[in-house]
Amino acid sequence: MFVISKLFWMLAQPLSLAFFAILAAALAQFCRLRRVGLALSLAAGMILFVVLFTTAGSYALQGLEARFPRPQKDPDTLSCMIVLGGAFETEVTTSRGGIDLNQAADRFVEALRLAMAYPQAKILVSGGDGSLSGAYEGDAAASLRFFSAFGIPASRLIAERDSRTTFENAAFSRNVLEANGLSDCLLITSAFHMPRSVGLFRRAGIAVMPWPVDYRTSGKLDLTLDFTQPTLNAQQTSTAVREWIGLAAYYMTGRIDTLYPAP
């Protein structure tokens, strides 16, 4: 299932769809199927226009981010937090060491802030090597260097190193939490990723308090044209499409109870 999902996403992401539509259009033209070729060319052009020159991706991402509002204040007490991986450039950290972070760095920045504010809280980092090659160290391993660099003792850290997907994050974390006698943890992940994550943790029977971070939109976007930042628009669209595909796939396979989990 893991390999299939990786291969499917290589083909299903918006820019890949546009490329394959253009390729199919060229083949249709070669086979003298001019109408088919024209239709495929128009489809490719439409995909590229929407992806590159509209706020469709950011608008869809904004809806995901708003699904689980962040609490207005820190909890009175905190015994544990679960931080989902995906914030380290593991290909880089595996070869170079260090603690290189990517766009989802807020997951660990916020976990560090809370760790300093609640010195008794345990920190479970869930994230192994999610690559097809299986050659990288994973976020749980890299996070040990990150937290120790800021003086967080290793005795507070619990590394779940085997998960490769969000489904495995939830499934494997349940065993780790039970083994350590922990419950009612904060769940820290990117805001757009929270609906799918909460759905999976609920399905696994793990009670968590959603703590969304890493917002990618202002929350005030309208659906409109945007010719100023095509690269960012493409990235936002890809992230939103991937998340919605994940929600649909997990719902259809019975891994979450509702298509769009809510508070």
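Residue numbers for the sequence shown, in UniProt numbering: 1 to 263. For every residue, glycine included, the Cβ atom is placed at its ideal position computed from N, Cα and C. Note that the structure is predicted; figures quoted are calculated from it, not measured.
Using the rule of at least 16 other Cβ atoms within 10 Å of the residue's Cβ for burial, across every protein chain shown, is residue i buried or exposed?
{"i": "P263", "result": "exposed"}
{"i": "A248", "result": "exposed"}
{"i": "T253", "result": "exposed"}
{"i": "K220", "result": "exposed"}
{"i": "residue 265", "result": "Nothing about residue 265 can be reported from this structure: the residues present for the chain run from 1 to 263 only."}
{"i": "M194", "result": "buried"}
{"i": "S190", "result": "buried"}
{"i": "K122", "result": "buried"}
{"i": "G130", "result": "buried"}
{"i": "residue 301", "result": "Residue 301 falls outside the range modelled here, since the chain spans only 1 to 263, and no answer is possible."}
{"i": "T77", "result": "exposed"}
{"i": "S173", "result": "buried"}
{"i": "G199", "result": "buried"}
{"i": "T224", "result": "exposed"}
{"i": "I256", "result": "buried"}
{"i": "P119", "result": "exposed"}
{"i": "A26", "result": "exposed"}
{"i": "F8", "result": "exposed"}
{"i": "L114", "result": "buried"}
{"i": "A104", "result": "buried"}
Rounded to the nearest angstrom, what separates residue i and residue j at their Cα positions?
{"i": "L182", "j": "P14", "result": "41 Å"}
{"i": "D139", "j": "F2", "result": "18 Å"}
{"i": "M10", "j": "F20", "result": "11 Å"}
{"i": "R202", "j": "R35", "result": "49 Å"}
{"i": "L38", "j": "A44", "result": "10 Å"}
{"i": "R156", "j": "G246", "result": "32 Å"}
{"i": "T165", "j": "R145", "result": "22 Å"}
{"i": "A56", "j": "A207", "result": "33 Å"}
{"i": "K6", "j": "R242", "result": "11 Å"}
{"i": "D226", "j": "A179", "result": "50 Å"}
{"i": "D162", "j": "T93", "result": "17 Å"}
{"i": "S58", "j": "I47", "result": "15 Å"}
{"i": "F49", "j": "T237", "result": "12 Å"}
{"i": "V176", "j": "L187", "result": "14 Å"}
{"i": "F192", "j": "Q72", "result": "18 Å"}
{"i": "A141", "j": "F147", "result": "11 Å"}
{"i": "R96", "j": "S41", "result": "43 Å"}
{"i": "S133", "j": "Q235", "result": "23 Å"}
Just checking my contact of residue i with residue j at CB under 8 Å: how many whole Å lie between their CB atoms?
{"i": "M81", "j": "C185", "result": "6 Å"}
{"i": "T231", "j": "Q62", "result": "Rounded, the Cβ-Cβ distance is 19 Å, inconsistent with contact."}
{"i": "G86", "j": "G127", "result": "7 Å"}
{"i": "E91", "j": "N102", "result": "In fact, because the Cβ distance is near 10 Å, the residues do not count as touching under 8 Å."}
{"i": "A159", "j": "A204", "result": "Contact flag wrong, Cβ pair sits at about 19 Å."}
{"i": "N233", "j": "L64", "result": "16 Å between Cβ atoms; not a contact."}
{"i": "L84", "j": "S197", "result": "6 Å"}
{"i": "P210", "j": "F68", "result": "4 Å"}
{"i": "V213", "j": "D74", "result": "With a Cβ gap of about 13 Å, V213 and D74 do not count as contacting."}
{"i": "A240", "j": "A12", "result": "Contact doesn't hold; Cβ gap of about 13 Å is too wide."}
Any heavy atom of the ligand GTP within a distance shorter than 7 Å of the CB on residue i?
{"i": "L225", "result": "Looking for the ligand GTP in the displayed structure turns up nothing, as the structure carries no ligands at all."}
Continuous beta strand (DSSP E) assignments of at least 3 residues falling wholly in the region 20 to 76: As far as the region 20 to 76 is concerned, it has no whole beta strand (DSSP E) run of at least 3 residues.
Any alpha helix (DSSP H) of 4 or more consecutive residues that is wholly inside the region 152 to 212: For secondary structure counted as the alpha helix (DSSP H) over 4 or more consecutive residues, the region 152 to 212 holds these complete runs in sequence order: 166 to 180, 194 to 203.
Inter-stretch contact (C-beta, 8 Å, three-pair minimum) for the region 10 to 30 and the region 140 to 160: With a cut-off of 8 Å, the region 140 to 160 and the region 10 to 30 do not count as touching, because too few Cβ pairs lie within range.
Contained alpha helix (DSSP H) runs [length at least 4] in the region 84 to 162, N- to C-terminal order: Here the runs fully enclosed are 90 to 96, 106 to 117, 139 to 149.
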